[in-house]
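Same order as they appear, the protein sequences are chains H and E.
Numbering follows the UniProt record's numbering, with no gaps: position 143 of the first sequence is 143.
Numbering follows the UniProt record's numbering, with no gaps: position 48 of the second sequence is 48.
Worksheet: one structure, shown below.
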Amino acid sequence: MTTGVQAQDATVGSPAPRLKGKATVDTLSIGCLAMVMKDGKLRRAEILSIKETKSGRQFYCNFDNFNKRLDEWVPAARIDFSQDVEWPSPEKPKETKKAAAPVAKKTTTGNKKAQKRPAATRETSIISEGETPHPWAEFTESQKATPDAEGDVTMTLDLDATPGADDDAMDVDDAAADAVAAKSQLNRDFNDEEEKKRLRHGGSMTQNQAEISRIRNISKVQFGRYDLFPWYFSPYPECFTQEDLMYICEFCLSYYGDLKSFGRHRQKCTLLHPPGNEIYRDDYVSFFEIDGRRQRTWCRNLCLLSKMFLDHKTLYYDVDPFLYYVMTTRDKKGCHLVGYFSKEKESAEGYNVACILTLPQYQRKGYGRLLIQFSYELSKIEGKLGSPEKPLSDLGLLSYRQYWTENMIEILLEYNEREEKCSIDALASQLAMTSGDVESTLQALKMQVYLKAEHKIVIPAHLEARHLAMKEKQKTKPKRVIEPGRIKWRPPIFPASTRTWAW
Amino acid sequence: MAPAQRVVRQRKLNKSTPQSVLREEQIESAEYDSLQNQYHVETGVERSEENEYHLQVALKANSNGSEKDEVKEIPAPPAVEGADINYDELYSLEFHQPDTYIRFSDTVEEACGCPYDMTTEDDVFLKAYNQKKTPSHRCSEDKFEKIMDVFELTAQSHAPFAAVDNTVVPFDKMKPELIKQEMGDSTAPLRANVAEKLITLAKDIYEHWRERRQASGNNPLQPSLKFETHQENDDGDPYVCFRRRDVRPTRKTRARDVQSTDKLKRLRREIEEGRHLVALACHREELKRQVINTDKLIFEARAKVKEAKVRLGIKGDDEDLINQRPQKRKVSDYPQMQRVPGTQLRLPARPDGRPLDADLVMLSDVLAQKENLLQREIEEKTLQHRKWNANHIDLTREPLSPVNGHGPDTGFRPATAQYQYLMTPPSSVTSETFDQPSPAQEVTEPAKFRYNSPEEDENRSRPAYRRRIGRGGRLWIDRRGMSSCVKTLDDEIRSDRYKYDQDDDDEQPVYEMDPYDTRALKFRATIPFPAHLAQNSRRVEPNRPAVQSPPNSRTAAAPQPAVAPT
């Protein structure tokens, strides 16, 4: 629908000096920054695409400091034309050699400012999309935070570009911008290459995204009993972008744009559960282990599906080097996919999770915690400390933080009771977490203090209270947990010949 | 790490250092606040997204805990239960959960039948087509899909670049493929009328297929993912996915080198061991053949001897004709025989490291092993008991001698680990009966005696034993090389007694004991009469005198009253 349009406009978000001025519906072009109504508030938004509909022209907006999953098509009526818009910089610092233009994404120059806005404004705008009942919890994965990765570059870019920028002082950074832009351009290209090189051998997460993939391409998906509204771009066959509704078979995850085809497929499809070995079963969920090499089609389908909800997942390379651990619920129709995490067969960085996702229809029901716990139980069986691949998504971070916090508080309270001392390593080995994750969680929760020439761990009162409240609640309504005894799994061993991922 | 204004310089935090764990109320709160470290916490979220508004709100809510009612969730587009989904019709199969964990390896392709799924367009065509035909010539949807699938596959293989050069694969090329598919696995050729019907049908569908292909720019009809075709063009195309990965280059390190050398060495060693085993087995079989040959020679020689004897009328000396030795050996080897099958079977399995064979545990092995273990234990105990009993003297007047037979050999045998060899029975006794009096029984007996373990005198000459049958069919064990211990006894009274025992060793020693003493009676009653003894002595007795007790050994002996052998 919009694919042709935005590709050439890769430099939209570059921090180069921007002209400001009044615009009209007709002059407003891709790359402009305008004030757009979102949840009853005007927010700065970047126009990423424009389309004509029967009801008039619509603009695809990415809102400042809002996650991309909240991007949406807005009619002209929601745009405030009484305020100046910022025009895209006329000169293109790089020719469109690559449609991949993280630059645009980094439009976020504005982000910094939005943050500095008075808190009041923010709080009020929190309610978000009117009809949306905000499910939460997609757990995303990871990839190590390569220091030279895109994110960093843009970071410096932001910093450089907006020294002491106050709220709307977009222009302030103009001076520095040219040089910075040029420099960062170089860096970026280099980093693209770097990242591809890294991914060539392993990994599932990317920090780079092509410009085109900034725009959601599938509008609605029928999956089992549910209608899903994708959050992000996913490289399903391009013709599906024309369809109002895409059909995905709940069991083999094949995709159809045509209802008749889908119906025919359903008559032939015999799968009733993920095509692998069940390695865990309790009365609530089952886990299946699936080898990306053996079940290439199924795993590719799974990746395409999950890409709709995972921003930084990369499908650039194939699924062979991964194992997929798929969580399902059972009923008389079969084992329904709830969520999954993938795991590298051989992770150089010691990651125990590559991508992790709970499907939107199952979010906010505690399934994410089960997935995370399961990943650590596997690590315990392997006798390794694990960590999710970076970058994490926002929802991934929250889920992991929650899991880490709960488990660490639990253990620390016991230590406190026994008046024993506890080291970071001890915590790490009990939870099969890397000590880095333990340390950062302690710091994030403000538990790590330096007192009387000694490092100490302090359990904040509110966390203790929350933990006790949770315990109390569990007495009446027990929390679902993975029972390690039910896991029937041995770490798979892959001989060198099967680790050759180039087919 | 520490902010610039901090006066205290922190020591570096060591991850393995135990830290005290305190609750917030255990420290002064003011202090706590001031101690809050301004760490930069690695979140793992991409930098540009780290500051996203909803995430920050949620994180703040989590770490402060103050505003509990704060919305902690990050808003996301919802998923809703579809209103107009006819779920039961679409998903008509029923799932029956097996009791055991599911094991499954079919791929999607294998589980989904014909890969071509007819579209709405096809449906329209097929319905129109079927309407025109008589029922017998109608085409089912399955059939239609199969044919379409053949077209697609054939087009793909015959003209992979059809989209570029617009090649249309002619129907003639489709025919053989169609026939092939119709035949499936069977080798019998299709009947002519079936083939003809198929071809006419396919011909009609071919036109439809060609039209559809042309309409879609001669691309495959089924939507498919974009795979890599041309590196340069593909690179920026986000629709191109699932590229091949490169093999992770293995880094050459010293450790890796050592590893592979070790691996090679081990491999070589294992192969060597295997070879050695085969050689040994070969050798063993050769020996066996020799044995058989020798046996045969012996047999033939004996046959001649017998013939000669018969011819010459010689009687007696028939032992030569009987194979004595093997029998003897069989018995004397008995404990080893037990051990041998076990060890021999296991030996090849273990060192050659072939897990499959090693895993195959034979019941007989296990039994043999157990038996051996038992046997060894028994032997040990027996030895120990022997040690304890070394200087034991039964002071009862008519001591029962529950002695278990040592060999009927004439001379004394050293009482060493060779113990079992002494068990050779008289030739008339079968090995089976001899099995019973095996040391196992002796072990149980000693428990009934009250032993004192006498001090071991190292200087003493090696003890030796012999067994013989005394008067009244009693079995005796004579010991040698232990008399000194008696002399060392301090007990005057006791040594006194022996003064009179010297004259005749066959003489029953007379002890001052009241034979009707209930204690002695009771004690004796606890001694079971060994079954084998009853059998043995009865059977053996008649010819014993001839075989046994050469007088010369007796003179050297300082015979002792019989004692329990163990």
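We treat Cβ as the ideally placed atom computed from N, Cα and C, and that holds for glycine.
Note that the structure is predicted; figures quoted are calculated from it, not measured.
- R364/H belongs to the set of residues whose beta carbon lies under 8 Å from a beta carbon in chain E.
- Around the CB of M470/H, fewer than 16 other CB atoms lie within 10 Å, so the residue is classed as exposed.
- Just measuring C-alpha positions, the residue of P460/H, V36/H, P75/H and F63/H sitting nearest K54/H is P75/H.
- Residue contact check for D80/H against chain E: no CB pair falls below 8 Å.
- L271/H has its alpha-carbon roughly 12 Å from the corresponding atom of I102/E.
- Beta-bridge pairing by DSSP links R243/E to Y317/H.
- Shown here, L90/E sits in a helix according to DSSP, grouped into three states.
- Using a Cβ-Cβ cut-off of 8 Å, D282/H does not count as an interface residue toward chain E, since no Cβ of chain E sits closer than that to its own.
- When the Cα atoms are used, L267/E and E273/E turn out to be separated by approximately 10 Å.
- By the rule that beta-carbons nearer than 8 Å mark a contact, M118/E touches chain H.
- W476/E has R468/E as its beta-bridge partners, per DSSP.
- Cβ contact annotation for E89/E (same chain, cutoff 7 Å, sequence separation greater than five): none.
- For a Cβ distance threshold of 7 Å, residue set T119 and T120 of chain E lies close to D258/H, ordered along the chain.
- Interface with chain E (8 Å Cβ-Cβ cutoff): Q295/H is included.
- Classified as exposed, R418/H has fewer than 16 neighbouring CB atoms from the shown chains inside 10 Å of its CB.
- Secondary structure note for G339/H: its beta strand (DSSP E) is the uninterrupted segment G334 to E344.
- Annotated three-state conformation of A34/H is strand, per DSSP.
- For the 8 Å CB-CB criterion, P391/H and G217/E do not form a contact.
- Residue pairing by DSSP places S347/H in no beta bridge whatsoever.
- For a cut-off of 8 Å, the C-beta gap from R57/H to V85/H is around 15 Å, too long to register as a contact.
- The beta carbon of Y362/H sits closer than 6 Å to those of V338, all from its chain and outside the five residues before and after it, given in chain order.
- Counting of Cβ neighbours within 10 angstroms places V108/E among the buried residues, the total reaching 16 or more.
- K68/H places its beta carbon less than 8 Å from that of D311/H.
- Here K390/H carries a coil assignment [DSSP, helix/strand/coil].
- In this structure, the straight-line span from the alpha carbon of S260/E to that of E270/E is close to 15 Å.
- DSSP, reduced to helix, strand and coil, places F66/H outside both helices and strands of the structure shown, so it counts as coil.
- A distance of 8 Å or more separates the beta carbons of R216/H and F240/H.
- DSSP lists H455/H as the beta-bridge partner residues of Y450/H.
- Taking a C-beta distance under 8 Å as the contact criterion, H265/H and D117/E qualify as a contact pair.
- The beta carbon of G217/E sits no closer than 8 Å to any beta carbon of chain H.
- If you compare the alpha carbons of Y280/H, D71/H, D244/H and R44/H with that of I482/H, the shortest gap goes to Y280/H.
- The segment 311-322 of chain H makes no contact with the segment 128-147 of chain E: fewer than 3 CB pairs, one atom from each, lie closer than 8 Å.
- Nearest CB-CB separation between P460/H and chain E: below the 8 Å threshold.
- With fewer than three CB-CB distances shorter than 8 Å, the segment 193-200 of chain E does not count as touching the segment 149-166 of chain E.
- Taking C-beta atoms as the reference points, Y317/H and L302/H fail to come closer than 8 Å.
- A direct Cα-Cα distance of roughly 20 Å separates R289/E from R302/E.
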